[in-house]
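*Asks:* Dropping a structure here in structure tokens format, bear with me for questions.
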Amino acid sequence: MIPGFRVRIIAAVAVACLSPAAAFAQLDAAKIRGSVLDEKGQPIAGVELEMTYKGETRVPIVKKSTTDKKGGFIRLGLKGGPWQITFKKEGYKTVGIETNLSIGDISEIAPVVMPAAAPSAPAPVAAVDPAAAAEAAAAEHAKQLGEAYVKALAALQAGQTAEAETMFKALVAQLPDLAEAHYNLGYLYELRGAPAEAEAEFAKAFELQPQSAAALVAQATLIDKRGASADALKLLEANAPRFPDNARVQFALGAVAFNVGRNAVAEPAFEKAAELDPANAETLFFLGSIAVGRNDVPTAVARLDKFVAAAAPTSPNLETAKALLATLRKKK
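For the sequence shown, our numbering assigns the number 1042 to the initial residue and increments by one for each residue that follows.
Right, here's the structure in full:
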């Protein structure tokens, strides 16, 4: 590791239906994940999804998907932008939503609640059934929780962070296993400068949803920021193999390894990140820096030249790269 150099990781928070500013570059296609519940909060399997792209396109784009036995669904390779999604299944009312997908990490949407379809000829009820009344009350409660999640998300989108934090706290109190609520609450804690609380929420979100690359990176970022880089590296090394095609996870692994001088781990991680996301020029800077550290001048010059050519004018590493190149060329 070169003296004075340290990667500053910034957790890219991607809340459900949102894409807050991220320091890590996004992938080339949008992805969406969510779940479908009935009014009792139980998953509905076999729901047919019809996804229609509403942005500008020469030909209509329509994608299909179906929920699994746990009521979940995931769809990869989507075009970034506005989509309309229709959820259909016999015995349930058709539900439609609109969402905007960002290119990069998986966009999480709030659980979709599908009410049961009204029977064509309901049987008359002679008297109030206590069991049925309790069931109806539970369904109403589930509906209210779904509405509360949507309201909390809307407050976050509108920048009403204090209100959103209060709403998400109330949600996790009632739905402690809702990973998306923990993740969004972690983002809000970090936003107001409470890193310990944020780290705990990101850890809980990753525990509940271990397939979430965003939760993993956010947790590792905060661990690294508080000076426990070795612990952050251990967390990433243990979980990165499950995300071989996620550029953000690979970049985070490279960054933390670089910070602790583990270039043997950092270099292949940065190379993989560069392969997965060629638009992220920052990987070239750190690959060039690693080459400088082992005195491989030709490789360092080649990588830093590519970085300078591709980097945004606002890149914090641009001037450093230019200075390094000037010094290296004097040695040649």
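Virtual Cβ for every residue (Gly too), placed ideally from N, Cα, C.
Just so you know, these numbers come straight off a predicted model, no measurement behind them.
Can you tell which of F1128, R1116 and A1070 has its C-alpha closest to the C-alpha of G1087?
*Replies:* Within the sequence shown, the letter at position 46 stands for residue 1087. Selected option, being the one with the closest Cα: F1128.
*Asks:* Counting pairs of Cβ atoms below 8 Å between the region 1282–1290 and the region 1300–1307, do you hit three or more?
*Replies:* Cβ pair count under 8 Å is below three, so no.
*Asks:* Hey, which unbroken runs of the beta strand (DSSP E) at 3 residues or more fall wholly within the region 1236–1272?
*Replies:* Listed in chain order, there is nothing to give.
*Asks:* Short check: CB of G1122 to CB of G1096, under 7 Å?
*Replies:* For the purposes of this step, residue 1122 is taken as residue 81 along the sequence shown, with counting starting at 1. For the purposes of this step, residue 1096 is taken as residue 55 along the sequence shown, with counting starting at 1. Yes, Cβ-Cβ distance for G1122 and G1096 is below 7 Å.
*Asks:* Pick helix, strand or coil for I1073, following the three-state DSSP scheme.
*Replies:* For this step, residue 1073 is matched to residue 32 along the sequence shown. DSSP places I1073 in strand when its eight states are reduced to three.
*Asks:* By Cβ distance, which residues of its chain are closer than 8 Å to V1191, with the 5 residues on each side in sequence left out?
*Replies:* Counting from one through the sequence shown, the residue named residue 1191 turns up at place 150. Once the five neighbours on either side are set aside, the close Cβ partners of V1191 are A1151.
*Asks:* What is the rounded straight-line gap between the Cα of K1245 and the Cα of A1296?
*Replies:* Position 204 of the sequence shown holds residue 1245. Position 255 of the sequence shown holds residue 1296. Spanning the two alpha carbons is a distance of roughly 23 Å.
*Asks:* If you drop the 5 nearest sequence neighbours on each side, which residues of the same chain put their C-beta closer than 8 Å to that of A1055?
*Replies:* Along the sequence shown, one-based indexing puts residue 1055 at 14. Because the pLDDT at A1055 is just 37, under 50, the model does not fix this residue reliably, and the value given afterwards should be weighed accordingly. The answer, listed in chain order, is P1061, A1063, S1143, G1145, D1146, I1147, S1148, E1149 and A1255.
*Asks:* Is Q1083 helix, strand or coil when you go by DSSP?
*Replies:* Translated into positions along the sequence shown, residue 1083 becomes position 42. Residue state, collapsed to three classes: coil.
*Asks:* Going residue by residue through the region 1257–1344, where are the continuous alpha helix (DSSP H) segments of at least 4 residues, counting only ones entirely within it?
*Replies:* Segments of the alpha helix (DSSP H) lying fully in the region 1257–1344: 1270–1280, 1288–1300, 1304–1317 and 1323–1334.
*Asks:* Straight-line CA distance for N1336 to F1311?
*Replies:* Position 295 of the sequence shown, counting from 1, holds the residue named residue 1336. Position 270 of the sequence shown, counting from 1, holds the residue named residue 1311. Spanning the two alpha carbons is a distance of roughly 18 Å.
*Asks:* Would you kindly check if the distance between the Cβ of V1136 and the Cβ of V1078 is under 7 Å?
*Replies:* If you number the sequence shown from 1, residue 1078 lands on position 37. If you number the sequence shown from 1, residue 1136 lands on position 95. The amino acid at residue 1078 is misidentified as Val; the sequence shows Leu. Contact flag unset, no.
*Asks:* For K1275 and T1324, what's the separation of their Cα atoms in angstroms?
*Replies:* One-based indexing of the sequence shown puts residue 1275 at position 234. One-based indexing of the sequence shown puts residue 1324 at position 283. Going from the Cα of K1275 to the Cα of T1324 covers about 21 Å.
*Asks:* Between the region 1110–1126 and the region 1216–1231, do three or more beta carbon pairs fall short of 8 Å?
*Replies:* No: fewer than three Cβ pairs fall under 8 Å.
*Asks:* Given that a residue counts as buried once 16 or more other Cβ atoms are within 10 Å of its Cβ, and exposed if not, what is V1103?
*Replies:* In the sequence shown, counting from the first residue as 1, residue 1103 sits at position 62. V1103 is exposed by the Cβ-count criterion.
*Asks:* In whole angstroms, what is the alpha-carbon distance linking L1359 and L1257?
*Replies:* Walking along the sequence shown from the start, residue 1359 turns up at place 318. Walking along the sequence shown from the start, residue 1257 turns up at place 216. Approximately 28 Å between the Cα atoms of the pair.
*Asks:* In this structure, does DSSP put E1188 in helix, strand or coil?
*Replies:* Along the sequence shown, read from residue 1 onward, the residue named residue 1188 stands at position 147. DSSP places E1188 in helix when its eight states are reduced to three.
*Asks:* Using the Cα positions of R1099 and W1124, report the straight-line distance between them to the nearest angstrom.
*Replies:* Translated into positions along the sequence shown, residue 1099 becomes position 58. Translated into positions along the sequence shown, residue 1124 becomes position 83. Approximately 15 Å, taken between the alpha carbons.
*Asks:* What's the C-alpha gap between A1239 and G1227?
*Replies:* On the sequence shown, position 198 is the one that residue 1239 refers to. On the sequence shown, position 186 is the one that residue 1227 refers to. For A1239 and G1227, the distance between alpha carbons rounds to 4 Å.
*Asks:* How long is the line joining the alpha carbons of A1351 and G1329, rounded to whole angstroms?
*Replies:* As a first step, residue 1351 is located in the sequence shown; it is residue number 310 there, counting from the start. As a first step, residue 1329 is located in the sequence shown; it is residue number 288 there, counting from the start. Approximately 14 Å between the Cα atoms of the pair.
*Asks:* Under a three-way DSSP split, which group does K1111 fall into?
*Replies:* Here residue 1111 corresponds to residue number 70 of the sequence shown, with the count starting at 1. Coil.
*Asks:* Have a look at the DSSP bridge pairing and note the partners of F1209.
*Replies:* Taking the first residue of the sequence shown as 1, we reach residue 1209 at position 168. According to DSSP, which records beta bridges pairwise, F1209 is partnered with nothing at all.
*Asks:* Skipping 5 residues on each side, what residues in its chain have a beta carbon closer than 8 Å to that of E1139?
*Replies:* In the sequence shown, counting from the first residue as 1, residue 1139 sits at position 98. Counting only Cβ-Cβ distances below 8 Å, and skipping sequence neighbours, we find K1095, P1123, W1124, Q1125 and I1126.
*Asks:* Measuring alpha carbon to alpha carbon, tell me which of P1217, G1234, L1117 and E1188 ends up nearest T1202.
*Replies:* Residue numbering aside, residue 1202 sits at position 161 when the sequence shown is read from its first letter. Of P1217, G1234, L1117 and E1188, the residue nearest in Cα terms is G1234.
*Asks:* Quick one, which of F1247, P1236 and F1284 has its alpha-carbon nearest D1265's?
*Replies:* The residue given as residue 1265 occupies position 224 in the sequence shown. It is P1236.
*Asks:* Is there a Cβ from chain C that is less than 7 Å from the Cβ of A1271?
*Replies:* Absent here is chain C; the protein component of the structure consists of one chain.
*Asks:* What's the C-alpha gap between V1342 and E1278?
*Replies:* Taking the sequence shown and counting its residues from 1, one reaches residue 1342 at position 301. Taking the sequence shown and counting its residues from 1, one reaches residue 1278 at position 237. C-alpha separation (whole angstroms): 29 Å.
*Asks:* Below 7 Å CB to CB, which residues in the same chain sit around A1230 once its five sequence neighbours on both sides are set aside?
*Replies:* The residue you call residue 1230 lines up with position 189 of the sequence shown. Strictly speaking, residue 1230 in this sequence is Tyr, with Ala absent from that position. These residues qualify, in order along the chain: E1238, A1239 and E1242.
*Asks:* By the 10 Å Cβ neighbour count, where 16 or more other Cβ atoms means buried, how is L1117 classified, buried or exposed?
*Replies:* What you label residue 1117 is simply residue 76 of the sequence shown in a count that begins at 1. So L1117 ends up on the exposed side.
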